[in-house]
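S.K.: Residue numbers (full-length UniProt numbering), protein chains in the order written: chain A, 1 to 125; chain B, 1 to 125. All residues carry an ideal CB built from backbone N, CA and C; glycine is no exception. The structure displayed is predicted, hence computed values, not measured ones.
There are 2 protein chains.
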Amino acid sequence: METIVESSGLPADAFSAKCPTRQVLDHIAGKWTVLVVDALLEGTMRYTDLSRRIEGVSQKMLTQTLRSLEADGFVTRTVHPTIPPRVDYDLTSLGRSLAEPITALRRWTENHINEIEQARSRARD
Amino acid sequence: METIVESSGLPADAFSAKCPTRQVLDHIAGKWTVLVVDALLEGTMRYTDLSRRIEGVSQKMLTQTLRSLEADGFVTRTVHPTIPPRVDYDLTSLGRSLAEPITALRRWTENHINEIEQARSRARD
DNA sequence: CAGTATCCGCTAAGATACTG
DNA sequence: CAGTATCTTAGCGGATACTG
């Protein structure tokens, strides 16, 4: 197994407080990130497509999540200078790569939701 | 592909605001959850083992995360009535199952941290 | 259509002190 | 050792109103 060495010269290790992996993991793991990345796996989407696909997301959080995904290189934002404006969002190849473990996590949760809810009701007594 | 139907009679779907998968995904995806579950994959751990393994976690967050993992059926907590007390934490089989996608996510982040940091520095100009 | 801007409550999370 | 209790603060995230 290959060890990844990050720019500081230290090996990437999420258990280490200093490792930048920590921050990235933190916001990759966010609720909205999982859903946005997963949604974009279905193809190019416009802003309103995304807000419809992801029930309950506010404009603010959707915009914030998209900007952050863009800054991390997971998503591209293409503005078409038309009236009314049209903005397309797509996954980059890095984003499609990230989508694999993210989809796995969402699927796992969907597949085990009943076991978890049972454990929860058992914990309540 | 099999469709999971949850207790409400609806199919489990994280994109749906009502689906309990949402809440579970939300806190499964949390930073500390990922690290605790991953750490426990190395075997039984006592409270202090975990706090040492996971750099930077506060007592409060560690306890809170462990209690929540216990309530969801991912972790068992075994108290040995000795002086001084000894408490062992272990993954349940559900927890070990969850560990797979979680480990994949942590590993992915560690493996791609350099690409992400490059994208970030590019985004800054 | 695709956002910004602003206000604000809630709680996530850290720091600190104490205990069976 | 393995926590609990309390205080405090940062910022997540929703609601609402406005704009090129």
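(1) In this structure, how does DSSP classify Leu-41(B) when only helix, strand and coil are distinguished?
(2) Taking 8 Å as the threshold, find out whether the segment 1-15 of chain B comes into contact with the segment 37-51 of chain B through three or more Cβ pairs.
(3) What in chain A is Cβ-close to Asp-13(B), meaning under 8 Å?
(4) Which residue spans inside the segment 7-58 of chain B form an unbroken alpha helix (DSSP H) run of at least 4?
(5) What residue does the alpha helix (DSSP H) around Arg-124(A) start on, and which one ends it?
(6) Taking 9 Å as the CB-CB limit, is Val-37(A) close to chain B?
(7) Find the residues of chain B that neighbour Ser-16(A), judging by a C-beta separation of less than 9 Å, and give them in chain order.
(8) For a contact meaning CB atoms closer than 8 Å, what does Ser-7(A) contact in chain B?
(9) Using alpha carbons as the reference points, say which of Arg-124(B), Ser-16(B), Ala-12(B) and Asp-49(B) lies closest to Arg-86(B).
(10) Can you list, in chain order, the residues of its chain with a C-beta nearer than 7 Å to that of Ile-102(A)? Leave out the 5 residues immediately preceding and following it.
(11) Does DSSP put Thr-92(A) in a helix, in a strand, or in coil?
(12) Less than 9 Å between CB atoms is the rule here; does Thr-21(A) satisfy it with respect to chain B?
(13) Ignore the nearest five residues each way along the sequence and tell me which others in Arg-53(B)'s own chain have a CB closer than 6 Å to its CB.
(14) With Val-75(A) as the anchor, note down where its beta strand (DSSP E) starts and where it stops.
(15) For Gly-56(B) and Leu-66(B), what's the separation of their Cα atoms in angstroms?
(16) Thinking just about the alpha-carbon of each residue, which of Arg-22(B), Gly-43(B), Asp-26(B) and Thr-21(B) is nearest to the one in Arg-96(B)?
(17) Please report how far the alpha carbon of Arg-120(B) lies from the alpha carbon of Leu-105(A), in whole angstroms.
(18) Output the distance between the C-alpha atoms of Leu-62(A) and Glu-70(B), rounded to the nearest integer angstrom.
M.R.: Working from what's here:
(1) As a working note, residue 41(B) is residue 41 in the second sequence. Correct three-state label for Leu-41(B): coil.
(2) no
(3) In the second sequence, the residue the question calls residue 13(B) occupies position 13. Going along chain A in sequence order, the residues near Asp-13(B) (Cβ under 8 Å) are Glu-110.
(4) 21-28, 31-40 and 47-53
(5) Indexing the first sequence from 1 puts residue 124(A) at position 124. Unbroken run through Arg-124(A): none, as it is neither H nor E.
(6) Within the first sequence, numbered from 1, the residue matching residue 37(A) stands at position 37. For Val-37(A), the answer is no, since every Cβ of chain B falls outside 9 Å of its Cβ.
(7) Here residue 16(A) refers to the residue found at position 16 of the first sequence. Chain B residues near Ser-16(A): Glu-55 and Gly-56.
(8) For the purposes of this step, residue 7(A) is taken as residue 7 along the first sequence, with counting starting at 1. Under the 8 Å cutoff, chain B gives Asn-114 and Glu-117.
(9) Start at 1 with the first residue of the second sequence, and residue 86(B) comes out as number 86. Of the listed residues, the one whose Cα sits closest to Arg-86(B) is Asp-49(B).
(10) Within the first sequence, residue 102(A) is the residue found at index 102, counting from 1. For Ile-102(A), where only same-chain residues beyond five positions count, the Cβ hits under 7 Å are Val-34, Val-37 and Asp-38.
(11) The sequence position of residue 92(A) within the first sequence is 92, counting from 1. In this structure, Thr-92(A) counts as coil in the three-state DSSP scheme.
(12) Position 21 of the first sequence, counted from the first residue, corresponds to residue 21(A). Thr-21(A) counts as touching chain B.
(13) Here residue 53(B) refers to the residue found at position 53 when the second sequence is read from its first residue. Contacts found: Ala-39.
(14) By 1-based counting over the first sequence, the position of residue 75(A) is 75. Run containing Val-75(A): 75-80, per the beta strand (DSSP E) assignment.
(15) By 1-based counting over the second sequence, the position of residue 56(B) is 56. By 1-based counting over the second sequence, the position of residue 66(B) is 66. Computed Cα separation, rounded: 16 Å.
(16) Position 96 of the second sequence holds residue 96(B). Cα-wise, what sits closest to Arg-96(B) is Gly-43(B).
(17) Here residue 120(B) is taken as the residue at index 120 of the second sequence, counted from 1. Here residue 105(A) is taken as the residue at index 105 of the first sequence, counted from 1. The straight-line gap from Cα to Cα measures roughly 25 Å.
(18) Along the first sequence, one-based indexing puts residue 62(A) at 62. Along the second sequence, one-based indexing puts residue 70(B) at 70. Going by the C-alpha atoms only, they are around 32 Å apart.
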